[in-house]
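Q:
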């Protein structure tokens, strides 16, 4: 191996590191490492002044590797990659070493131990950097058009957002009409907006924009190409069905949700007078005056919460998650009942009230208006039966708030507060290779840090297809997806991380194991010098490294995490400290 | 209060934790930013997904001087591979076989799911794992 010229910069982080790690000792210990030509400490390596100093050192000392030992790579990997770039050093010859979150801050009780650990960590970073090679991101040109799947409130809002930024939109809706669930809603919370009017307004805006093309009765059935330049096949289900091809740079999935459908007999479902939340909402939205059910004015209502939500793992196809919007929706529905006049006794039988955020005010209002809230235990759910004599429905519940006393409540209507469930979209999942979580909703990369991106580059998710959301939250995530997507499409090109799998064709004897194990279809069989070997499509590979352990010839390495690099890091971490 | 494990003061097991960039690293970082303590003889190597860990790396680490290897897996949170846990548990089984072949106790390798907010679970795992490795003694005898 040729002698490397590596610069190491150790951050004091204004005391966050240097109070617990003797940074001078670290500098001395790593300054003598073979290949290290610069070793410095700095008060703040991320400050402009130190960045300039690093650039200067890279250029003057002709450095071919950079190590910064500071905070978590989450915070500054890109900062220092940019520093390297500015100095003319390949950004992938840079390694960030975490001596703050994973060292100084967690060993505030042991300065000597923290210092020794920091030396080990920096040595490992140097060892890794020694084995780096210059890498170039895969640059792909992007088509300034987007495909939006789903024409509910999220999809429509996303289409308008994209259009306004100057990106053409193809919107594909499975149903004959756009609008989704919200198009069927009357008054919604928290602003008392009418769902039908909201959708009509959005639809009006869509029609004003000539760069939005809508396909109804249509589905996405094919996707080829890669990020920035996808070719999507849309099947339009006319008589006869036809398929068309569109070229798009990104895809936003906003396919929404379904609602939980109770089994026959579940909390009395199937009996006259036992309805689900969506059924109840329809009744409410279509009645002008006081609520009437089958010709009779409704006087007493029982709401049973958490139907089809937070189920025990033993239940077949259990929905273990909290559906999160339903407490608000139920409380809001009860206020709508009150607003329609006529005195109605309303009993809310809940497990836990989760009217989070400002919706807590709805909960208070509902109590103020006279709704009664009774808490049942998860293992003692309410029972619904019909009283033979009176013919009325009876709900039996043990109220936890009054010492578990069993109460029988006679009502005209039982409303089962059913949660959102993931919509079955098998074909779309297969076509777009959408990752799904344990609960079968679509999975983002990170719920907080990267909430609308999926691991499939250029494919974004928003709205209730990624988990229960109300309409305001759906719209917010739709706009986030627009921003993420448009940021790249407007630039005209995208750079993909080159930290992907790489095959050594001399080692590979093509057994096909790596191809079988890759869910993204990134491995191709190619011929090199008359031999079949594996080859990685770098625009498709996600860089998970999942194929690496499967290779019997050890012919695959994940760039940035190669076999040699990991072993060198292990050695670096173990060397004696003198 | 647990006394810190000091190198040179009795046996403080050296633990290598493999962790992931997206999920378990933030969990381990959170332990640090919450100033939760574990032994400084725990060090972390980050990878994109634990499914990419070669069983040979585990044996290599033990042979070279670590006393235990901990795999902080993503569990169900892994956004890269939906069957990440299954794959990683195969890697663990294979690595434990390699350890046995080399004359090392398979208990020197432990895997657990560490989520992005699993600061306390990670700290507890490190404490428990250190204790169980201390009972086993150093990996490199003599």
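Residue numbers (the working numbering), protein chains in the order written: chain A, 1 to 578; chain B, 1001 to 1142. Backbone N, C-alpha and C fix where the C-beta goes; we use that ideal spot for every residue, glycine too.
Residues bridged to residue 399 (chain A) by DSSP?
A: As a first step, residue 399 (chain A) must be located in the first chain, where it is residue number 399. A:405, per the DSSP bridge assignment.
Q: So residue 13 (chain A) is in the alpha helix (DSSP H); what residue range does that whole segment cover?
A: Residue mapping note: residue 13 (chain A) aligns to position 13 of the first chain, counting from 1. From DSSP, residue 13 (chain A) is part of no alpha helix (DSSP H); its letter is neither H nor E.
Q: Run down chain B in chain order and give the residues with a C-beta less than 7 Å from the C-beta of residue 102 (chain A).
A: Counting from 1 along the first chain, the entry for residue 102 (chain A) is found at position 102. By Cβ distance, chain B contributes 1028, 1029, 1032 and 1044.
Q: Can you name the residues of chain B whose CB is closer than 7 Å to the CB of residue 437 (chain A)?
A: Here residue 437 (chain A) is taken as the residue at index 437 of the first chain, counted from 1. Within chain B, the residues near residue 437 (chain A) are 1076.
Q: Could you please give the first and the last residue of the uninterrupted alpha helix (DSSP H) stretch that includes residue 19 (chain A)?
A: The sequence position of residue 19 (chain A) within the first chain is 19, counting from 1. Unbroken run through residue 19 (chain A): none, as it is neither H nor E.
Q: Please compile the residues from chain A whose C-beta is within a distance smaller than 7 Å of the C-beta of residue 1121 (chain B).
A: What you label residue 1121 (chain B) is simply residue 121 of the second chain in a count that begins at 1. The contacting residues do not exist; residue 1121 (chain B) stays about 14 Å from chain A at best.
Q: Given residue 1005 (chain B), which residues of its chain have a CB within under 7 Å of its CB, disregarding the five upstream and five downstream residues?
A: Along the second chain, one-based indexing puts residue 1005 (chain B) at 5. The predicted position of residue 1005 (chain B) is uncertain, since its pLDDT is 44 and thus under 50; a value taken from the coordinates is nonetheless stated next. Once the five neighbours on either side are set aside, the close Cβ partners of residue 1005 (chain B) are 1012, 1039, 1041 and 1130.
Q: Would you kindly work out how many angstroms separate the C-alpha atoms of residue 373 (chain A) and residue 252 (chain A), rounded to a whole number?
A: Here residue 373 (chain A) is taken as the residue at index 373 of the first chain, counted from 1. Here residue 252 (chain A) is taken as the residue at index 252 of the first chain, counted from 1. The straight-line gap from Cα to Cα measures roughly 40 Å.
Q: At a Cβ cut of 7 Å, what residues of the region 8-31 of chain A count as close to chain B, listed as they run along the chain?
A: Answer set for the region 8-31 of chain A: empty.
Q: Evaluate residue 490 (chain A) with the Cβ neighbour count: other Cβ atoms within 10 Å of its Cβ, from every protein chain shown; 16 or more gives buried, anything less gives exposed.
A: The sequence position of residue 490 (chain A) within the first chain is 490, counting from 1. The residue in question, residue 490 (chain A), is exposed, as its Cβ has fewer than 16 Cβ neighbours within 10 Å.
Q: Of all Cβ atoms in chain B, is any one closer than 8 Å to the Cβ of residue 123 (chain A)?
A: In the first chain, the residue the question calls residue 123 (chain A) occupies position 123. Closer than 8 Å: no.
Q: Per DSSP, what are the beta-bridge partners of residue 1046 (chain B) in this structure?
A: The residue labelled residue 1046 (chain B) in the question sits at position 46 within the second chain. DSSP lists B:1019 as partners of residue 1046 (chain B).
Q: If we cut at 8 Å on Cβ distances, does residue 967 (chain B) have a partner in chain A?
A: In the structure displayed, chain B extends from 1001 to 1142; residue 967 (chain B) sits before or after that span and is not available.
Q: Compare the beta carbon distance of residue 8 (chain A) and residue 49 (chain A) with 8 Å and say whether it is the shorter of the two.
A: Taking the first chain and counting its residues from 1, one reaches residue 8 (chain A) at position 8. Taking the first chain and counting its residues from 1, one reaches residue 49 (chain A) at position 49. For residue 8 (chain A) and residue 49 (chain A), no; Cβs fall outside 8 Å.
Q: Whose CA, out of A:235, A:406, A:381 and A:246, lies closest to the CA of residue 307 (chain A)?
A: Start at 1 with the first residue of the first chain, and residue 307 (chain A) comes out as number 307. Answer by Cα proximity: A:381.
Q: What does the alpha-carbon distance come out to for the pair residue 215 (chain A) and residue 338 (chain A)?
A: The residue given as residue 215 (chain A) occupies position 215 in the first chain. The residue given as residue 338 (chain A) occupies position 338 in the first chain. Their backbone Cα atoms lie some 41 Å apart in a straight line.
Q: Using a 10 Å radius around the Cβ and a threshold of 16 neighbouring Cβ atoms, would you call residue 133 (chain A) buried or exposed?
A: Your numbering for residue 133 (chain A) matches position 133 in the first chain. Counting Cβ neighbours within 10 Å, residue 133 (chain A) comes out exposed, since fewer than 16 surround it.
Q: When the Cα atoms are used, what is the spatial distance from residue 1001 (chain B) to residue 106 (chain A)?
A: The residue labelled residue 1001 (chain B) in the question sits at position 1 within the second chain. The residue labelled residue 106 (chain A) in the question sits at position 106 within the first chain. Interpretation of residue 1001 (chain B) is limited by its pLDDT of 38, a score under 50 that renders its predicted location unreliable; no figure is taken from the coordinates.
Q: Once you ignore the five residues that flank residue 528 (chain A) on each side, which residues in its own chain have a CB closer than 7 Å to its CB?
A: Counted from its first residue, the first chain places residue 528 (chain A) at position 528. So the list reads 505, once near-sequence residues are dropped.
Q: Mind checking residue 261 (chain A): buried by the 16 CB within 10 Å criterion, or exposed?
A: Numbered from 1 along the first chain, position 261 holds the residue referred to as residue 261 (chain A). Classification of residue 261 (chain A): exposed, given that the 10 Å Cβ count is below 16.
Q: Measure the beta-carbon distance from residue 417 (chain A) to residue 304 (chain A) and round it to whole angstroms, keeping in mind my assumption that it falls under 8 Å.
A: Within the first chain, the letter at position 417 stands for residue 417 (chain A). Within the first chain, the letter at position 304 stands for residue 304 (chain A). Taking 8 Å as the upper bound for CB-CB distance, residue 417 (chain A) and residue 304 (chain A) are in contact here, some 6 Å apart.
Q: In chain order, what residues of the same chain have a beta carbon less than 8 Å from the beta carbon of residue 241 (chain A), not counting five sequence neighbours either side?
A: Here residue 241 (chain A) refers to the residue found at position 241 when the first chain is read from its first residue. If we look at residue 241 (chain A) and ignore the five residues flanking it on each side, its Cβ neighbours are 235.
Q: Comparing alpha-carbon positions, which option in A:578, A:352, A:547 and A:465 lies nearest residue 1053 (chain B)?
A: Mapped onto the second chain, residue 1053 (chain B) falls at position 53. Ranking the options by Cα distance to residue 1053 (chain B), first place goes to A:547.
Q: Near residue 157 (chain A), which residues of its chain fall below 6 Å by C-beta distance, leaving aside the five closest residues on each side in sequence?
A: Counting from 1 along the first chain, the entry for residue 157 (chain A) is found at position 157. If we look at residue 157 (chain A) and ignore the five residues flanking it on each side, its Cβ neighbours are 475 and 478.
Q: My output table needs one value for residue 356 (chain A): the three-state DSSP class, helix, strand or coil.
A: Within the first chain, numbered from 1, the residue matching residue 356 (chain A) stands at position 356. In the structure shown, residue 356 (chain A) sits in coil (DSSP, three-state: anything other than H, G, I, E or B).
Q: Please report the straight-line C-alpha distance between residue 541 (chain A) and residue 3 (chain A), rounded to a whole angstrom.
A: Taking the first residue of the first chain as 1, we reach residue 541 (chain A) at position 541. Taking the first residue of the first chain as 1, we reach residue 3 (chain A) at position 3. About 32 Å.
Q: Under the criterion of a Cβ to heavy atom distance below 7 Å, does residue 564 (chain A) qualify as lining the ligand HEM?
A: Questions concerning the ligand HEM fall outside what the structure shown contains, since it holds no ligand whatsoever.
Q: Terminal residues of the continuous alpha helix (DSSP H) containing residue 477 (chain A)?
A: Walking along the first chain from the start, residue 477 (chain A) turns up at place 477. Counting along the chain, the alpha helix (DSSP H) containing residue 477 (chain A) begins and ends at 471-489.
Q: Check each candidate in A:182, A:457 and A:164 and name the one with the smallest Cα separation from residue 494 (chain A).
A: Start at 1 with the first residue of the first chain, and residue 494 (chain A) comes out as number 494. Of the listed residues, the one whose Cα sits closest to residue 494 (chain A) is A:457.
Q: Let me know the alpha helix (DSSP H) ranges lying completely inside the region 508-532 of chain A, each 4 residues or longer, listed in chain order.
A: 513-517
Q: What does residue 1053 (chain B) reach in chain A if we use C-beta pairs closer than 9 Å?
A: To locate residue 1053 (chain B), count along the second chain from 1; it is residue 53. Those within 9 Å of residue 1053 (chain B) in chain A are 545, 548, 549 and 566.
Q: Taking CB distances under 8 Å as the criterion, tell me whether residue 431 (chain A) reaches chain B.
A: Translated into the one-based positions of the first chain, residue 431 (chain A) becomes position 431. Judged by the 8 Å Cβ criterion, residue 431 (chain A) is not in contact with chain B.
Q: Counting C-beta neighbours from all protein chains within 10 Å, is the total for residue 1 (chain A) 16 or more, i.e. buried, or is it exposed?
A: If you number the first chain from 1, residue 1 (chain A) lands on position 1. Summary for residue 1 (chain A): the model assigns pLDDT 49, below 50, so the residue's position carries little reliability, and this model does not support an answer.
Q: Residue 503 (chain A) touches chain B at which residues, Cβ-Cβ below 8 Å?
A: Residue 503 (chain A) sits at position 503 when you count from the first residue of the first chain. Per Cβ cutoff of 8 Å: no residues; residue 503 (chain A) is ~15 Å from chain B at best.
Q: Counting contacts by CB-CB distance shorter than 8 Å, is residue 1004 (chain B) in contact with chain A?
A: By 1-based counting over the second chain, the position of residue 1004 (chain B) is 4. Residue confidence is low: residue 1004 (chain B) scores 42 on pLDDT, short of 50, so the model does not pin down where it sits. Its coordinate-derived value is still stated next. Judged by the 8 Å Cβ criterion, residue 1004 (chain B) is in contact with chain A.
Q: Compare the C-beta of residue 443 (chain A) with all C-beta atoms of chain B and state if any pair is closer than 8 Å.
A: On the first chain, position 443 is the one that residue 443 (chain A) refers to. For residue 443 (chain A), the answer is yes, since a Cβ of chain B falls inside 8 Å of its Cβ.
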